[in-house]
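So for the sequence shown, our numbering puts the first residue at 4; every next one is plus one. For reference, the structure is listed below as structure tokens.
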Amino acid sequence: MPLDAPVRALLEAKNFVHVGTIKKDGSPSVVPVWADTDGELITVNSAEHRAWPTHLERDPRVTVTVMNLENPYEYAQIAGRVAERTQEGANDVIDSLAKKYMGLDEYPFHQPGEQRVTIRIKPEKVFYSNPQG
């Protein structure tokens, strides 16, 4: 599902997204992360050992929200599923996100022995709102 221009613009800007997953006990988990899009998939990245990537490995359903930091009334809610999960190139992806969000060429928070994972999300349902625009 290609993303409409306003949703794509929100994801391409320096806005944090919130990734909602389902824990093993069925309760929700929501974490703020950096993201980007190619216009069809949403790309996020994490250290492999964190809880939320583990949730998605068990249950690929995910909800992502993104809010315009300059106009918090403009936001999108995107429900979808994991389309791809890979360690290949994951350090390059986090470096690209560090450039976008921090203006740095390299992600500065790598931990010794840390394995990064890139998760690409395929949107299935999108809601967009901008009552002031």
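C-beta: ideal position from N, C-alpha, C; glycine also.
Distance between residue j and residue i (C-alpha atoms, nearest Å)
i, j, result
"GLN90", "GLU51", "8 Å"
"LYS128", "GLY83", "7 Å"
"ALA12", "PRO115", "35 Å"
"SER49", "ARG88", "11 Å"
"HIS113", "PHE19", "19 Å"
"LEU6", "THR57", "26 Å"
"ASP98", "THR46", "13 Å"
"ARG61", "ALA8", "32 Å"
"LEU59", "LYS125", "13 Å"
"VAL65", "ILE81", "8 Å"
"MET70", "ALA79", "7 Å"
"ASP95", "PHE130", "30 Å"
Reduced DSSP secondary structure (H/G/I, E/B, other) of residue i
i, result
"ALA12", "helix"
"HIS58", "helix"
"ASP95", "helix"
"MET105", "helix"
"LEU6", "coil"
Range of the contiguous beta strand (DSSP E) that encloses residue i
i, result
"SER32", "31-36"
"GLY83", "74-89"
"GLY23", "20-25"
"ARG119", "119-132"
"MET70", "64-71"
Strand pairing of residue i, partner residues [DSSP]
i, result
"ASP39", "THR46"
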